[in-house]
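Participant: Here's a structure for you.
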Amino acid sequence: MKSHLIFLGSPGSGKGTQANLLAKKIGFEKISTGVLLREEIEKKTDLGKEIKYISEKGGLVDDHIVLKLIKSQTNLENKSYIFDGFPRNLRQSKLFDKHIILKDTFKAIYFKVDSEKMIQRIVNRRVADESGEIYNLISKPPLVPGKCDISGENLIQRKDDYEEIVRNRLQLFKDLIDPVLAYYDKCDQLQTIDANRTVDEIFSNLKSLLI
Ligand code: AMP
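In my numbering, the protein residues as written are 1 to 211.
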C-alpha cells in the first residue's frame, strides 16, 4: 500500500513551490494539474484550445478532462504522488477517491494564506516552463534577471497571473474550497499550514507534519 499527498491552497499559496521541495526530499513525484493543462495547451489540439479559453479567464476546466489527463500521466500502481492543484472542488475529491486512491492512503495539506499576500505573490511570480522552477521577483528572484537558474531558459509570467484574472481565480477558489476542506476534515486527513510565512518556514512546518 502506498500513500499520496494532496496539496490544497489558493493560487499563490506557495503549494507548488513546497511540492517541488518536498518531492525531492521524500521521493514522491509531483503532479500538477495546472502544468498538465498548460502542456495540453502547448500541443494546440482542439482540447488544448478549449482549455486555453477557460484557464486564461481564470475558470475551471471540466472535472473529467482533468481526471483523464492525470490518469494518463501517472503510474498509480507503482508510485506515490503529491497532487498539486487537484482536487479543486468537492466533485473532484469524490473522483479522486473513486479513481485514484483505490487501496492507497493519503493526507491533505491546506496552505492557508491571506488574500492580499497571495495576490502580491502571484503578480510577482515568474515560471520556467521546461525546468518547472518557480521564482518570485521579490522573495525569490532569479540570479540573472529573466533567466532560470537551473536551465537558463527565459522566465515567463503566466497569462492567468495578471491581477484582474488572479482576482477571478481567488473568488472561484473561495467559492469551492470550503466543502473540500470539510470533506477531508471529516475523515480526519486534513492538516493546515500557515502559508503567510517564508518558503523555508513553511517547508520546516511541512516536514514536521510529515517526516
Ligand atoms: P494552477 O497552475 O494550479 O494555478 O492552474 C492554472 C489553471 O488551470 C486554473 O486556473 C484552471 O483553469 C486550470 N486547472 C488547474 N487545475 C485544475 C483542476 N483540478 N480542475 C479544473 N481546472 C484546473
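Using N, Cα and C, we set each Cβ at its ideal position, and we do this for glycine too. Keep in mind that this is a model prediction, so the values were computed, not measured.
Ser3: which of Ile101, Lys44, Val123 sits nearest, CA to CA?
Facilitator: On the sequence shown, residue 3 is found 3 positions in, with the first residue counted as 1. Of Ile101, Lys44, Val123, the residue nearest in Cα terms is Ile101.
Participant: Using the Cα positions of Val113 and Glu77, report the straight-line distance between them to the nearest angstrom.
Facilitator: In the sequence shown, residue 113 corresponds to position 113, counting from 1. In the sequence shown, residue 77 corresponds to position 77, counting from 1. Near 34 Å, if we compare the C-alpha coordinates of Glu77 and Val113.
Participant: State the start and end residues of the unbroken alpha helix (DSSP H) segment that holds Asn205.
Facilitator: Reading the sequence shown from its first residue, position 205 is the one you call residue 205. Segment 199-210, the alpha helix (DSSP H) holding Asn205.
Participant: Got a sec: does the ligand AMP put a non-hydrogen atom nearer than 7 Å to the Cβ of Ser32?
Facilitator: Reading the sequence shown from its first residue, position 32 is the one you call residue 32. Under cutoff, so the answer is yes.
Participant: In its own chain, which residues sit with a C-beta less than 7 Å from the C-beta of Ser13, not counting the 5 before and 5 after it?
Facilitator: Numbered from its first residue, the sequence shown carries residue 13 at position 13. Excluding residues within five positions, the ones whose Cβ falls inside 7 Å are Phe111, Val113, Met118, Ala195.
Participant: Terminal residues of the continuous beta strand (DSSP E) containing Ser32?
Facilitator: Taking the first residue of the sequence shown as 1, we reach residue 32 at position 32. Per DSSP, Ser32 belongs to the beta strand (DSSP E) from 29-32.
Participant: Can you list, in chain order, the stretches of the alpha helix (DSSP H) that have 4 or more residues and sit fully within the region 1-28?
Facilitator: Within the region 1-28, the complete alpha helix (DSSP H) runs of at least 4 residues are 15-26.
Participant: Report the CB separation of Asp84 from Phe7 in whole angstroms; it is logged as a contact under 8 Å.
Facilitator: Position 84 of the sequence shown, counting from 1, holds the residue named residue 84. Position 7 of the sequence shown, counting from 1, holds the residue named residue 7. Their Cβ separation, rounded to whole angstroms, is 5 Å, which keeps Asp84 and Phe7 in contact under 8 Å.
Participant: Which of the three DSSP states, helix, strand or coil, is assigned to Phe96?
Facilitator: Stepping through the sequence shown from its first residue, residue 96 is reached at position 96. Phe96: helix per DSSP, three-state reduction.
Participant: Please confirm whether Asn136 and Lys147 have their CB atoms less than 8 Å apart.
Facilitator: For the purposes of this step, residue 136 is identified with residue 136 of the sequence shown, where counting begins at 1. For the purposes of this step, residue 147 is identified with residue 147 of the sequence shown, where counting begins at 1. No. Outside cutoff.
Participant: Within the present structure, is the beta-carbon of Gly212 separated from the nearest heavy atom of the ligand AMP by less than 7 Å?
Facilitator: This structure cannot speak to residue 212, because the chain is shown only from 1 to 211.
Participant: Do Ser55 and Asp160 come within 8 Å of each other at the CB atom, strictly closer than that value?
Facilitator: Here residue 160 refers to the residue found at position 160 when the sequence shown is read from its first residue. Here residue 55 refers to the residue found at position 55 when the sequence shown is read from its first residue. Contact: yes.
Participant: So Lys79 packs on Glu40, CB below 8 Å; how close in whole Å?
Facilitator: Your numbering for residue 79 matches position 79 in the sequence shown. Your numbering for residue 40 matches position 40 in the sequence shown. So it is not a contact: roughly 21 Å between Cβ atoms.
Participant: Let's see if you can read the secondary structure: which residues bound the alpha helix (DSSP H) around Asn136?
Facilitator: Locating residue 136 in the sequence shown gives position 136, counting from the first residue. From DSSP, Asn136 is part of no alpha helix (DSSP H) but of the beta strand (DSSP E) over 134-136.
Participant: Mind reading off the beta-carbon distance from Ile156 to Ser131? Whole number of angstroms is fine, and I expect it under 8 Å.
Facilitator: Taking the first residue of the sequence shown as position 1, residue 156 is located at position 156. Taking the first residue of the sequence shown as position 1, residue 131 is located at position 131. Actually they do not touch by this definition, with Cβ atoms about 12 Å apart.
Participant: Tell me, please, which residues DSSP counts as bridged to Asn154.
Facilitator: Start at 1 with the first residue of the sequence shown, and residue 154 comes out as number 154. Looking at the DSSP assignment, Asn154 forms a beta bridge with Lys147.
Participant: If distances are taken between C-alpha atoms only, which option among Tyr81, Asp178, Gly16, Ala19 comes closest to Met1?
Facilitator: The residue given as residue 1 occupies position 1 in the sequence shown. Looking at the Cα atoms, Tyr81 is the closest of the given residues.
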